[in-house]
Amino acid sequence: MAVVQPAMAQSNASGTVYGRVAPGSATAVVLKNLDTNQTRTTAVDASGAFSATSLPVGRYSATLMNGATTGATTNLEVLVGQGVEAVFGGGVQTVQVSGRRSRIDMTSANNGATFTARELDKLPIARSVEAIVQLAPNTTRGDPTYSAGASIGGGGASENAYYINGFPVTNPLSQLGGFELPFGAIAQAQVLTGGYGAEFGRSVGGVVNITTKSGTNTWEVGGLISTTPKDWRAHYKDMYYSNTGVFPATDGTLRIRRENNTREQTQYSAYVGGPLIKDTLFGFVALEQTEDEVSGVYNGRTALTNASNGWRDYQTTTQRYYIKLDWNITDNHRLEYTGIGDLPKTNTQYRSYDYVTRAVGSKVNSSTHEEYGPFNPNGGQANILRYVGNITDDLTVNALYGKSRARHIYTPAGYDPTIAQVTASPENQVAGLNYTGGQPFSTNQPYNGAQDNVISKRLDLEYKLGSHKLRAGLDNNSMSSLNAGDALAGGALWTYLKTDPSKPLAVAGGTVPALAGRGALASQGYYVSKTLTSTVSNAYAGQDAQYIEDQWQITPKLLVTGGIRREGFYNANQDGTKYIEMKNQIAPRLSAVWDANGDNSMKVFGSAGRYTLQMPTVIALRGANGSLNTTQYFTYTGTDSHGAPTGITAITNPLSANNELGQAKDPKTVAALDMKPSYQDEITLGFEKAYSPSLNFGVKATYRTLKSTIDDFCDARVFEKYAAQHNIDTSNWGGFSCASFNPGEANDFLVDYAGTGKNYTRVHLSKEDLGFDKAKRTYAALDFFAEHPFRDGWYGKVNYTLGRSKGNTEGQTLSDTTNAQPDVAATQTWDYKELMQYSDGLLPNDRRHQIKAFGFYEVTPQITVGGFLTLASGRPRSCSGTNPTTIGTDYNYNSASHYCFGVTGDKNVPSPRGTVGRLPWEKTLDLNAAWRPTFLPGLSLKVDVYNVLNDQTAQKVVERYNTNNARYALYESVLAYTAPRAFKFTAEFNKKF
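Residues 7 to 999 (the working numbering) are what the sequence shown spells out, left to right.
In structure tokens form, the structure reads like this:
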């Protein structure tokens with residue numbers, strides 16, 4: 007029986023050509039890159055099967071050879087990470103490659119989508135990788151208050167892996183997104199949402215895999231200028247206080263005025279590419295500069311600092327460069343160099359703003375200069391070397407080495423570090439006192455000169471052995487985040503508060519005593535808190551992996567791929583001492599593809615696999631280094647010219663719910679012993695059918711279940727109880743801060759009860775001792791699609807996803823909080839068992855229904871129109887409030903429990919996660935039209951219209967119900983809307999010669 011040689015799942019920067027001809031009709035197939043003339047010859051076996059792996063993406067001709075006799079030829083396009091079948095007819099057969107192919111890739115069970123530069127150019131999407139991700143099924147936008155990152159397959163925004171030409175560009179500090187390159191340098195973008203093989207890891211979400219353009223034997227130059235004018239952008243929607251029924255002074259009133267905010271963006275880009283030595287050495291250089299000018303109201307109507315920073319103007323200039331050199335040493339050996347720069351710089355000016363008169367001050371009161379915001383994925387420079395060697399017809403070697411660095415610069419002008427921040431809601435202010443004049447910089451200040459560094463090494467081997475294709479590989483990544491973290495601007499934050507003076511008040515970390523009899527203002531319930539925070543320190547991490555995989559073409563119709571991946575990772579503190587280390591995490595992978603009709607017209611496929619996830623470097627800042635996070639409470643008698651309290655008397659010591667008092671942390675005690683990694687199991691099953699040359703359709707089922715996760719918990723009670731049960735003296739114990747652990751499982755810890763730093767007690771705590779349910783997150787989805795391959799002048803695809811994301815943890819991220827907690831993998835989720843009561847429910851990334859439809863139509867050879875429609879059911883709404891069972895305890899986390907709807911916090915009732923309804927449906931329609939005039943070949947004029955219907959839908963609302971025991975005035979106020987309608991005008995010129 008004839009057996010087709012399997013087309014191997016490729017290195018993540020290349021693709022495959024495979025096929026079958028009549029036995030004895032050919033001895034070889036010659037593959038020629040139509041742009042570089044690089045030629046590969048692959049043998050045809052006795053059954054008529056052939057395949058060639060590790061081919062650079064691009065256009066190829068495939069020619070049959072029978073000895074010295076030339077046979078039929080076909081043209082095709084190699085896509086990243088995919089296989090394309092070479093089908094030969096009589097003479098020369100040309101397959102259109104400007105759109106999608108009607109035949110189906112039978113080489114893998116990968117789930118997701120691949121987009122070429124030509125397709126991306128014809129669709130009305132923003133010029134960013136994150137915009138490309140949203141074209142794929144099973145993807146949703148991450149929380150709008152995170153700096154970047156998408157939710158893929160129900161995963162958290164930090165749980166994806168990003169690659170450019172095989173080099174990892176994921177943000178090492180937070181794992182939120184990855185840095186980018188000039189958009190015009192993208193050749194192909196692959197978004198894997200599941201089912202991927204053993205070569206990929208470090209993701210329980212998805213993989214975003216970018217390959218870039220190279221020079222060819224034809225010189226090509228081009229440039230682009232685009233503008234999104236502020237006068238062609240619809241007004242931003244104002245934000246209002248919700249109607250709580252409790253705060254008549256603010257209910258239903260204006261909170262943040264946005265209707266006069268403006269934004270204008272201009273982008274310039276240019277490129278040149280061609281042969282430095284014909285057929286041998288090629289170069290490609292792309293430059294891009296994006297100028298973004300934003301002006302608008304910075305603070306809410308009731309903010310105390312509007313007289314100094316109520317209005318903000320900022321200008322972001324992002325300069326990106328891309329350099330690619332390709333040296334075809336021989337037809338079988340290639341060396342590539344890739345240089346990438348992503349260099350954003352932001353200048354910000356703050357002025358006064360008057361909500362009554364709408365007047366903006368002419369004087370700049372303060373300003374900042376920032377480069378590469380620390381939690382922003384954009385920003386960095388990378389240098390990558392990659393070698394591909396076809397040692398024999400059967401053996402291929404891929405090797406990669408690269409480095410990247412992102413240096414964070416932050417220089418505030420007009421910053422006075424001696425002036426503290428001040429905040430006071432109107433209901434908490436004493437008539438006649440001054441609460442203005444505080445620190446105008448109201449955010450935490452990052453360290454000027456912080457930087458993130460990555461060094462990556464990778465080796466992949468591929469070997470054909472009869473009907474088997476064997477692959478093996480290894481990689482190693484080392485990372486450092488230097489002077490990462492931030493501290494409060496002005497050193498402290500004064501928060502003015504009011505309570506019932508006759509009763510003590512439970513707060514995070516302790517209790518404020520009754521205020522009656524402690525002074526005139528205190529007797530009326532007025533008091534103030536002082537908060538200190540700082541996390542500036544160094545952090546280090548390392549990752550390594552090895553994998554082996556076998557693709558076995560069991561029959562001409564059945565391809566089975568089995569693989570196993572071993573991963574390890576570690577995290578180290580500011581001294582370089584490892585506090586988390588996992589060495590042998592085994593992740594098996596299995597998939598099968600059945601060519602049901604034997605002609606590549608119908609594919610039935612399935613996969614099962616385990617996927618693991620490492621920890622970002624940011625967890626060391628609070629988890630392993632000497633972080634500070636305290637609040638102390640005072641009575642006061644007045645205020646000064648900067649709004650700071652005078653006549654203060656301390657009524658508590660500095661309190662920290664997590665014992666973060668700035669003390670050095672012992673690396674042996676900040677993480678449980680022998681932890682499991684965060685890992686997830688996945689099963690997929692589906693089919694795709696090429697019904698006709700004009701219609702492909704299919705359906706896929708996905709089920710993912712999180713089996714284990716890592717987060718931190720901060721409950722000292724379990725260690726105090728253990729000491730009491732075992733008669734352990736704790737008089738010299740420094741107490742428990744927080745430690746990373748596996749939630750919902752038994753964990754072992756080292757505890758220094760003796761306080762010597764030498765004599766540790768190994769404390770075994772069962773699941774019941776810790777009091778947590780098993781960590782749960784499941785994602786189930788049915789994906790349906792119908793596709794019209796590019797034919798008769800048009801291409802179109804419609805995806806519908808019916809999905810559900812449910813559990814008691816989002817994963818490494820926490821989107822429920824107002825600002826989406828930036829402490830990735832060290833959120834408050836598992837800090838105390840009481841916080842997890844009623845936490846099981848629909849998760850923030852759940853979208854029950856999603857429709858994505860996109861395509862383009864060539865009206866004439868000169869005119870093309872395109873569209874992208876997104877319809878998605880809204881995000882589940884939850885409510886977080888004060889847990890009435892924790893009132894008066896150290897583990898009262900203010901408004902972080904799933905209890906709400908009481909007149910006061912101590913009257914709250916359970917409010918399970920995701921049971922407060924949903925936000926409105928998101929409905930976004932983007933359109934474009936392009937004109938290529940015949941009188942000037944190479945010129946293209948295009949207009950894109952984003953959010954044509956100007957449907958500004960609420961993306962997130964405040965879910966916090968309480969402030970301590972009181973109600974919260976902002977509950978259910980909108981925090982983010984979809985962007986308003988905007989027009990972008992583009993002129994582009996391309997010339998080949």
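Cβ atoms here follow ideal geometry from the backbone N, Cα and C, with glycine treated the same way. Source: prediction; values computed, not measured.
Handout entry: The alpha helix (DSSP H) enclosing Leu527, as first and last residue numbers
Key = Position 521 of the sequence shown, counted from the start, is the residue given in the question as residue 527. Counted as a single uninterrupted DSSP element, the alpha helix (DSSP H) harbouring Leu527 occupies residues 526–529.
Exercise for the section: Leaving aside the five residues before and after Thr891 along the sequence, list all residues of the same chain whose C-beta is less than 7 Å from its C-beta, in chain order. Expected result: Here residue 891 refers to the residue found at position 885 when the sequence shown is read from its first residue. So the qualifying residues of the chain are Glu840.
Problem - Inter-residue spacing [alpha-carbon to alpha-carbon] between Tyr1 and Lys727 - result: Only positions 7 to 999 of the chain appear in the structure, and residue 1 is not among them; the question remains open.
Problem - Counted within 10 angstroms of its Cβ, other Cβ atoms place Ile190 as buried (16 or more) or exposed - result: Position 184 of the sequence shown, counted from the start, is the residue given in the question as residue 190. Sequence inspection shows Gly at residue 190; the Ile mentioned does not correspond to that position. Buried is the call here.
Handout entry: Cβ-Cβ distance between Leu330 and Gly386 below 8 Å
Key = Locating residue 330 in the sequence shown gives position 324, counting from the first residue. Locating residue 386 in the sequence shown gives position 380, counting from the first residue. Note that residue 330 is Lys in the sequence shown here, rather than Leu. With contacts defined by Cβ atoms closer than 8 Å, Lys330 and Gly386 do not form a contacting pair.
Problem - Proximal residues to Phe989 (C-beta, below 6 Å), its chain only, five neighbours per side dropped - result: Locating residue 989 in the sequence shown gives position 983, where the first residue counts as 1. Once the five neighbours on either side are set aside, the close Cβ partners of Phe989 are Trp238, Val951.
Problem - Sufficient close CB pairs (3 or more, under 8 Å) joining the region 353–361 to the region 293–307 - result: Yes: at least three Cβ pairs fall under 8 Å.
Handout entry: Cutoff 7 Å; reference Tyr242; Cβ partners in own chain excluding five residues on either side
Key = Taking the first residue of the sequence shown as 1, we reach residue 242 at position 236. Here the set comprises Arg264, Glu265, Asn267, Pro986.
Practice task
Rounded to whole angstroms, what's the CA-CA distance from Val366 to Ala419? Just pull it up for me.
Solution key: Sequence index remark: in the sequence shown, residue 366 carries index 360 (1-based). Sequence index remark: in the sequence shown, residue 419 carries index 413 (1-based). Their backbone Cα atoms lie some 20 Å apart in a straight line.
Exercise for the section: Look at the alpha carbon of Ala545 and the alpha carbon of Ala707, and state the distance between them as a whole number of angstroms. Expected result: In the sequence shown, the residue the question calls residue 545 occupies position 539. In the sequence shown, the residue the question calls residue 707 occupies position 701. Linking Ala545 to Ala707 through their CA atoms gives a straight-line distance of about 40 Å.
Exercise for the section: Check each candidate in Ser57, Lys609, Ser700, Tyr617 and name the one with the smallest Cα separation from Gly692. Expected result: The residue you call residue 692 lines up with position 686 of the sequence shown. Here the closest residue by C-alpha is Lys609.
Problem - Buried/exposed call for Thr336, threshold 16 Cβ in 10 Å - result: What you label residue 336 is simply residue 330 of the sequence shown in a count that begins at 1. With fewer than 16 other CB atoms across the displayed protein chains lying within 10 angstroms of its CB, Thr336 is exposed.
Exercise for the section: Kindly list the residues whose CB is nearer than 7 Å to the CB of Tyr697, restricted to its own chain and excluding five residues on each side of it in sequence; keep chain order. Expected result: Here residue 697 refers to the residue found at position 691 when the sequence shown is read from its first residue. Exclusion of the five residues before and after Tyr697 leaves Phe703 as the residues of its chain whose Cβ lies within less than 7 Å of its Cβ.
Problem - Bounding residues of the beta strand (DSSP E) (the contiguous stretch that carries Leu67) - result: Locating residue 67 in the sequence shown gives position 61, counting from the first residue. First, the residue type needs correcting, since residue 67 is Ser and not Leu in the sequence shown. For Ser67, the enclosing beta strand (DSSP E) covers residues 64–72.
Exercise for the section: Quick one: grab the DSSP three-state call for Val213. Expected result: For the purposes of this step, residue 213 is taken as residue 207 along the sequence shown, with counting starting at 1. Strand at Val213.
Practice task
Please classify Tyr983: does DSSP put it in a helix, a strand, or coil?
Solution key: On the sequence shown, residue 983 is found 977 positions in, with the first residue counted as 1. If DSSP states are grouped into helix, strand and coil, Tyr983 belongs with the strands.
Problem - Proximity of Ser607 and Asn664 at Cβ, strictly below 8 Å - result: For this step, residue 607 is matched to residue 601 along the sequence shown. For this step, residue 664 is matched to residue 658 along the sequence shown. In terms of Cβ geometry, Ser607 and Asn664 do not form a close pair [threshold 8 Å].
Handout entry: Close beta carbons around Ala602, own chain, < 8 Å, minus the five adjacent residues each side
Key = Sequence index remark: in the sequence shown, residue 602 carries index 596 (1-based). Closer than 8 Å at the Cβ level, and outside the excluded window around Ala602, lie Lys563, Met608, Lys609, Val610, Phe693.
Handout entry: Whole-number beta carbon distance between Val922 and Ser879, since they are thought to touch under 8 Å
Key = Your numbering for residue 879 matches position 873 in the sequence shown. Your numbering for residue 922 matches position 916 in the sequence shown. About 15 Å separates the beta carbons of Ser879 and Val922, which is beyond the 8 Å limit, so they are not a contact pair.
Practice task
Any chance you could list the beta strand (DSSP E) runs of at least 3 consecutive residues sitting entirely within the region 852–927, in chain order?
Solution key: You should have 855–864, 869–878.
Problem - C-beta atoms of Asp718 and Trp836 nearer than 8 Å - result: Along the sequence shown, one-based indexing puts residue 718 at 712. Along the sequence shown, one-based indexing puts residue 836 at 830. Yes, these two residues count as a Cβ contact at 8 Å.
Handout entry: Outcome for Ala526 when other beta-carbon atoms lying within 10 angstroms are tallied against a minimum of 16
Key = Position 520 of the sequence shown, counted from the start, is the residue given in the question as residue 526. A residue is called buried when at least 16 other Cβ atoms come within 10 angstroms of its Cβ; Ala526 does not meet this threshold and is exposed.
Exercise for the section: Closer than 7 Å by C-beta to Pro651: which residues in its own chain qualify, once you throw out the five before and the five after it? Chain order, please. Expected result: In the sequence shown, counting from the first residue as 1, residue 651 sits at position 645. Here the set comprises Trp500, Val534, Phe640, Tyr642, Thr645.
Practice task
Indicate the three-state DSSP secondary structure (helix, strand or coil) for Ser104 in the structure shown.
Solution key: For the purposes of this step, residue 104 is taken as the residue at position 98 of the sequence shown. For Ser104, the predicted model reports a pLDDT of 32, less than 50, meaning its position is unreliable and no value from the coordinates is stated.
Exercise for the section: Give the straight-line distance between the Cα atoms of Thr176 and Phe185, rounded to the nearest whole angstrom. Expected result: The sequence position of residue 176 within the sequence shown is 170, counting from 1. The sequence position of residue 185 within the sequence shown is 179, counting from 1. Distance between the alpha carbons of Thr176 and Phe185 is about 7 Å.
Practice task
Taking only runs that begin and end inside the region 179–247, name each unbroken beta strand (DSSP E) of 3 or more residues, in chain order.
Solution key: Qualifying beta strand (DSSP E) stretches, in chain order: 192–200, 213–218, 226–234.
Handout entry: Cβ-Cβ distance between Ala58 and Thr22 below 8 Å
Key = Reading the sequence shown from its first residue, position 52 is the one you call residue 58. Reading the sequence shown from its first residue, position 16 is the one you call residue 22. A contact, by the Cβ cut-off of 8 Å.
Practice task
Using three-state DSSP, classify Arg357 as helix, strand or coil.
Solution key: Position 351 of the sequence shown, counting from 1, holds the residue named residue 357. DSSP places Arg357 within a strand segment (E or B) once states are collapsed to three.
Practice task
Would you be able to state if there are at least three C-beta pairs under 8 Å between the region 512–520 and the region 578–593?
Solution key: Taking a cut-off of 8 Å on C-beta distances, the region 578–593 does not touch the region 512–520, as fewer than three cross pairs fall below it.
Problem - Terminal residues of the alpha helix (DSSP H) in which Lys773 lies - result: What you label residue 773 is simply residue 767 of the sequence shown in a count that begins at 1. Counting along the chain, the unbroken alpha helix (DSSP H) around Lys773 starts and ends at 773–776.
Problem - For Asn267, the first and last residue of its enclosing beta strand (DSSP E) - result: Along the sequence shown, one-based indexing puts residue 267 at 261. Per DSSP, Asn267 lies in no beta strand (DSSP E) segment and is marked neither H nor E.
Practice task
Out of Thr75, Pro939, Val403, point me to the one whose CA is closest to Pro867's CA.
Solution key: Locating residue 867 in the sequence shown gives position 861, counting from the first residue. Residue Pro939 is the option with its Cα nearest to Pro867.
Practice task
Assign Pro380 to buried or exposed, taking buried as 16 or more other Cβ atoms, counted over all protein chains shown, within 10 Å of its Cβ.
Solution key: Reading the sequence shown from its first residue, position 374 is the one you call residue 380. Only weak support exists for where Pro380 lies, its pLDDT of 48 falling under 50; the value from the coordinates is given anyway. It is buried - the Cβ of Pro380 has at least 16 other Cβ atoms within 10 Å.
Practice task
Tell me Ala119's beta-bridge partners as DSSP assigns them.
Solution key: Here residue 119 corresponds to residue number 113 of the sequence shown, with the count starting at 1. Checking the DSSP bridge columns, you'll see Ala119 partnered with Val197.
Problem - Host beta strand (DSSP E) of Gly258 (start-end) - result: As a working mapping, residue 258 is identified with position 252 in the sequence shown. No beta strand (DSSP E) contains Gly258, which DSSP labels as neither H nor E.
Handout entry: Reduced DSSP secondary structure (H/G/I, E/B, other) of Phe747
Key = As a position in the sequence shown, residue 747 is number 741, starting the count at 1. Collapsing the DSSP output to three states places Phe747 in a strand.
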